[in-house]
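*Asks:* Below you'll find the structure I mean.
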Amino acid sequence: MGDNSTPQTIEVTLGQENSEGDKDFNSKRMEGQGENQESDTTSQTELKPVKTIAFCRFIVRRHKLAFGLTLGGHILLIVVSAILVQSGYNLFPLSFTGVPLTLTEDETYLRGEAFFRADSNAIILPKSLDVFSAERTETTETLTLYYEGSNVFTKENLQAIAVWENELVGEPKYGNFCRLNATGQCVKPFSIIRFFDGSLTSITPDVNYDNIVGTLSAAMNDPATAQLLQYHLGKNAEINATLNRTSSPITRSIIYLGHANEDQRQDFLVENFRSKLNSKTETGVGGMAFIFTSTSLFTYDIQRQVIFDLLLAGGSFGFIFIFMLIQTQSLLITGLALFSVLTSFLGANLIYRIVLDFQYFGIFHVLSIFIILGIGADDVFVYFDTWRATAHENHESLEERVSACYRRASKAMFVTSLTTMIAFFVNAVSPLLAVSSFGLFSGILVLVNYISVIVFFPTVVVMHHKHWENWTWPCFRCCKKKSREISPSHDLKDGKRKHPIVRFFRGIFFSFVSHKIIKWVLVLLCLIVLSVFIYFATTLKPEEEAIKIYKDSHNYGKAIDRNLNSFKPSVQDKVIKIYLVWGLKGQDRASCHKTDYECTGKTVWDEGFDLNPKPAQNALFDLCARLRNLSDAEVASLKIRLDSISGYPDVDCFITDFNTDMPTSTSNVTGLPLSEITMSAFMGGNPQLYDASQDMTNFYRYFETGVSFWLNNGYDGTLSKRYENYADNMGFSRDASDTRQIINKTGLLYGTRLRFAAIVVYTTLQNGKVGYVEGIPVIDAWESFTNSEVSKLPPSLSGGFQCTPEGNNAWHWLRVQKTLADSAVKGIIIGICLAFPILTFATGNVVLGFLATATITCVTVTIVGIIPMAGWKLGVLESLNLSLVVGLAVDYVVHLAEGYHLSRHEHRQGRLRDMLETVGISVLSGACTTLGASLFMLFAVILFFMQFGIFMFCTIGFSLFYSLILFAPLLAICGPQGNFGSLSPLYAWIKDRFRGKKKTDIDCNKCSGQGFHPLEGTEKF
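Okay, so the sequence shown: first residue is -16 according to our numbering, each after it adds one.
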């Protein structure tokens, strides 16, 4: 029995402990003495005594108490969260209907908000001059229908369209939610059918669709209807009367909705339209494919879909649970490990929501669930595999073993967690709330998870080791002996460890990556793969469209694509419109909470704005004339659309039309400028409207009086076209001195103050199809032009500015695009720059740090190349992903570099083999869990989740690929040997400098390494 070559048998009785540790541990320590006796004897080399960490001593000696305290801390997080939710506290301020990508300090945003919100300000009279608004104040919405086929302009298809649209507007409750016209009737759908049913008086009706070519040709040749028809024609449409041929592969219709309550309007659409519309997307209309879109239905559907896609997290959780159970072979460790990961989410949210006072939890934050499942599982594998490895080392006690495991694993996890946190926290400084809040929350989540792993998981492992390591399910106990024999070689097979993955990495894979020819071939292969992705990375372009929520194959994805790319240019297209605004200043958001993106702020008026002075009227009129007569070069640089009829720049200028129309409405007013003399005569000539008995001595608002008369068509009870064109571009408020009542016209006023006014210029830029590279120079051109022209105006017009308040505020969105792209580049640069010093100091070797950083750079470049390769552009999610890629790609390289660094061999071959043997299984396990979890996200309908799943899968997959196929061969080729590249000499030199030790001094052999003295013969007296 004394022969070392003969296995010693030791009887172990489960559950018994001795005063020094436990017999089970001692037996494992003894079995380690019989480990592999080959020339590569890493596992058997005597370890230096490990200084026991106080925390490790505590969890060994008081393991039940330590386990109870740490478990109680996690349970406390659940209890506190439950109490807060039960008390009504909004612990999870969920918001999935929108993504707050606003630069709240940017002037393009504040200006756009100022104009957009001005009508909602309390002192503005909403539609203040509208006699019909009293019956039903409406907010408007459109339901857009698309029909696709080989030719939609056939008799059968047009009849099918008419029947389908009549079915929708014939819904009994539709009358309560339709948009009303001036006579109080529902506005008919804006459809190709209007050209046949007699709605357009200039076109001969053709209700049976017997003369489709003739009807559409007549509409095309009539200037009054040509622009309307253009909206319904596909990009490749043809109308040819000579050849008696008309065709279009697509057409579209608009159903107008209006109701004061948006929630009620949404309920109406969901209850009465949604199922019908979805059914038609499956069956089509006639022989045509059908697509639809609506803001209310889109909002409703995305809220439901987010919940369904979140259920995929359950699949990811289940996969990780099963995989971890197989790896750890312990239900206790697996269950409590994932329990700690999930409670980390609650702990991070308490810090995020209460301590940092963030009031937004959106769709991006949901992604952190998938991230932390992968990161948390990876940390568990690192710790548990390190724990297993320490069983094959010669430690004097369980405390020493726990301490050795704790030091090694916590350091490796700290490096990976630190780099990941940095990647997230780089996003936390973004001016975009959706990005910054996600970065902050995810960074906190990684930190809390790391703390949980190093505090809670060691107590779980010790508890498992002492009480449950040899426990089996009751139904299987008949197959297991009550005590077992443990030999020093029980984990060995033919001199090698049993685990097949460990044997694979130690044997076959080591021989493969270290082969004198193959290692060079692998490096060359990686360089070829990298060069392909570098090429694709150079083709990356910014995303012009706003955030894509659904895939291109989804109904809503198709609708966005068809609207932008499938139709001829039309005056109905949502082109970017420039508003030249007076009377307002940038929106004041000082009272808004830092994370309340729905806060509208306060309107700030330009109190100096006034159009009553004659010089101001003349100057504004001249500016409109200037806009209509811009040079070709100015039109080109400002991207202004030309009117299809006049050929002049397309401009809506109220003061120009007012000057043209006003003289025809009354003989008393001859045109601009309006003065007290002309308007007094005008008012006196209309006693049926204005009370001549009132004192007009100090009356001032003559200009507004004339404009009100003009907009309201002389208060004759009808609304003119000019009202529809200009009412939304002008805002009036009561004037304390001058506002008075029109005689016999309840609610109609004159003498109101013109608070703001705008000139609108139409551009050729289609909203959603302009990237920041093209768009920002246009913004700068407009800013320069506006500042130049405003500087020439009288003082009462000196506060003018330009903005794009419609839709998603096009100018602001271009700024957001650039910010996202810059953030992605900044995140990558910062991540890589910080990765090098972190990895260098973590491994204590410059060469290892450089090789690891180079590998991470390869992963990053590859992921950048995947974006255009997949047909994507640099949008919101892509930019967010790129800023995180360095943090997520660092894990496996760090583990491998750490394993190489900790090897006690001098030569690179031995170090490489130790690295693969000890760390390979942890790297592979961590990669498998994250890859498996991300696979479930590929089935998501929401594009966010699906793209993020692809990103995670590719990032982890290529991190594993480059780590094993590039980093390992590089170590076999030029991995540091001995102390080459080591920082130990630098550490020693710094230490000696602080201690005052000189080159001629030597350490004191009798001072336990704490002192030094001069070498004999070098003392100075």
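Positions of the beta carbon are idealized from the N, C-alpha and C atoms, including for glycine.
Is it true that the stretch 210 to 230 meets the stretch 143 to 151, where meeting means three or more beta-carbon pairs spaced less than 8 Å apart?
*Replies:* Flag = no, the stretch 210 to 230 and the stretch 143 to 151 do not touch.
*Asks:* Starting from the Cα of Leu321, find the closest Cα among Gln312, Ala619, Leu295, Met307 and give me that residue.
*Replies:* When each option's Cα is compared against that of Leu321, the closest is Met307.
*Asks:* For the stretch 789 to 817, which segments carrying the beta strand (DSSP E) assignment without a break, of at least 3 residues, lie completely within its bounds, in sequence order?
*Replies:* Whole beta strand (DSSP E) segments, 3+ residues: zero.
*Asks:* I believe Val385 touches Gly359 by the beta-carbon criterion, under 8 Å. Please report the beta-carbon distance rounded to the nearest angstrom.
*Replies:* So it is not a contact: roughly 21 Å between Cβ atoms.
*Asks:* In angstroms, rounded to a whole number, what distance separates the CA positions of Val634 and Asn223?
*Replies:* Approximately 32 Å, taken between the alpha carbons.
*Asks:* For Leu732, which residues does DSSP report across the bridge?
*Replies:* According to DSSP, Leu732 bridges with Gln724.
*Asks:* Under 8 Å by Cβ, that's how I've got His795 and Leu86 pegged, so tell me the actual separation to the nearest angstrom.
*Replies:* With a Cβ gap of about 7 Å, His795 and Leu86 count as contacting.
*Asks:* Just to confirm, is the Cβ distance from Ile285 to Phe79 under 9 Å?
*Replies:* Result yes, Cβ atoms of Ile285 and Phe79 sit closer than 9 Å.
*Asks:* Do you know whose CA, among Ala741, Trp765, Phe304, lies nearest Ala916's CA?
*Replies:* That would be Phe304, whose Cα lies nearest to the Cα of Ala916.
*Asks:* From Arg177 to Ser185, what distance separates their C-alpha atoms?
*Replies:* Rounded to whole angstroms, Arg177 to Ser185 spans 12 Å at the Cα level.
*Asks:* Between Val196 and Asp180, how many whole angstroms is the CB-CB distance? I'm expecting something under 8 Å.
*Replies:* The pair is not a contact, with the Cβ atoms about 17 Å apart (cut-off 8 Å).
*Asks:* What is the rounded straight-line gap between the Cα of Phe160 and the Cα of Thr127?
*Replies:* C-alpha separation (whole angstroms): 16 Å.
*Asks:* Is it buried or exposed, Ala971, if we count other Cβ atoms within 10 angstroms and call 16 or more buried?
*Replies:* By the 10 Å Cβ count, Ala971 comes out exposed.
*Asks:* Between which two residues does the beta strand (DSSP E) holding Phe715 run?
*Replies:* Its beta strand (DSSP E) spans residues 713 to 716.
*Asks:* With respect to the alpha helix (DSSP H) encompassing Leu158, which residues constitute its N-terminal and C-terminal limits?
*Replies:* The question names Leu, yet the displayed sequence has Gly at residue 158. Segment: none, Gly158 is in no alpha helix (DSSP H) and carries neither H nor E.
*Asks:* Please report the straight-line C-alpha distance between Gly790 and Thr123, rounded to a whole angstrom.
*Replies:* Those two C-alpha atoms are separated by around 13 Å.
*Asks:* Buried or exposed: which applies to Gln20, given that a residue is buried once 16 or more other Cβ atoms fall within 10 Å of its Cβ?
*Replies:* Only weak support exists for where Gln20 lies, its pLDDT of 36 falling under 50; the value from the coordinates is given anyway. Per the 10 Å Cβ criterion, exposed.
*Asks:* Drop a sphere of 10 angstroms on the beta-carbon of Trp588, count the other beta-carbons inside from all chains shown, and report buried for 16 or more, exposed for fewer.
*Replies:* Trp588 should be labelled buried.
*Asks:* By the DSSP assignment, the beta strand (DSSP E) with Val222 in it spans what residues?
*Replies:* The amino acid at residue 222 is misidentified as Val; the sequence shows Ile. Looking at the DSSP string, the run of the beta strand (DSSP E) that includes Ile222 is 221 to 223.
*Asks:* Would you tell me roughly how many angstroms separate the C-alpha atoms of Val438 and Thr53, rounded to the nearest one?
*Replies:* Distance between the alpha carbons of Val438 and Thr53 is about 7 Å.
*Asks:* For Pro778, does the three-state DSSP call read helix, strand or coil?
*Replies:* It is helical.
*Asks:* Given Arg798, which residues of its chain have a CB within under 7 Å of its CB, disregarding the five upstream and five downstream residues?
*Replies:* Contacts found: Leu86, Asp89, Thr91.
*Asks:* Let's test the definition: count the other Cβ atoms within 10 Å of the Cβ of Arg44 and tell me whether it reaches 16, buried, or not, exposed.
*Replies:* Classification for Arg44: exposed.
*Asks:* Starting from the C-beta of Ala542, find all residues in its chain whose C-beta is less than 8 Å away, skip the five residues before and the five after it, and write them out in chain order.
*Replies:* Once the five neighbours on either side are set aside, the close Cβ partners of Ala542 are Thr127, Tyr129, Ile274, Phe275, Thr276.
*Asks:* Among the residues of its own chain, which have a CB less than 8 Å from the CB of Gln892, if the five just before and after it don't count?
*Replies:* Here the set comprises Ser497, Ala955.
*Asks:* On the DSSP bridge assignment, give the partners of Leu857 in chain order.
*Replies:* DSSP lists Pro525 as partners of Leu857.
*Asks:* Which residues in the same chain have their Cβ closer than 6 Å to the Cβ of Asp593, if we skip the five residues on either side of it in sequence?
*Replies:* For Asp593, where only same-chain residues beyond five positions count, the Cβ hits under 6 Å are Ser779.
*Asks:* Using 10 angstroms around the beta-carbon of Thr166, count the other beta-carbons present and answer buried if the total reaches 16, otherwise exposed.
*Replies:* That one is exposed.
*Asks:* Do you know how far the Cα of Pro206 is from the Cα of Ile623?
*Replies:* Roughly 21 Å separates the two Cα atoms.
*Asks:* Whole angstroms is fine: what's the gap from Tyr800's alpha carbon to Phe281's?
*Replies:* Inspection of the sequence shows that residue 800 is occupied by Gln rather than by Tyr. Near 23 Å, if we compare the C-alpha coordinates of Phe281 and Gln800.
*Asks:* Count the other CB atoms within 10 Å of the CB of Glu468; is the residue buried (16 or more) or exposed (fewer)?
*Replies:* Below a pLDDT of 50, predicted positions are generally treated as unreliable, and Glu468, at 38, falls in that range; no measurement from the model is reported.
*Asks:* On the three-pair Cβ rule with 8 Å, is the stretch 934 to 952 touching the stretch 399 to 407?
*Replies:* Flag = no, the stretch 934 to 952 and the stretch 399 to 407 do not touch.
*Asks:* Along the alpha helix (DSSP H) that carries Asp89, what are the first and last residues, could you check?
*Replies:* First-last for Asp89: undefined, no H or E at that position.
*Asks:* Alpha carbon to alpha carbon, what distance is there between Tyr433 and Cys957?
*Replies:* Computed Cα separation, rounded: 33 Å.
*Asks:* Go ahead and label Ser435 buried or exposed: buried means 16 or more other beta carbons lie within 10 angstroms of its beta carbon, across all protein chains shown.
*Replies:* Classification for Ser435: buried.
*Asks:* Taking the alpha helix (DSSP H) that Gln1015 falls in, what are its first and last residues?
*Replies:* Because the chain spans -16 through 1004 in this model, residue 1015 falls outside it and cannot be assessed.
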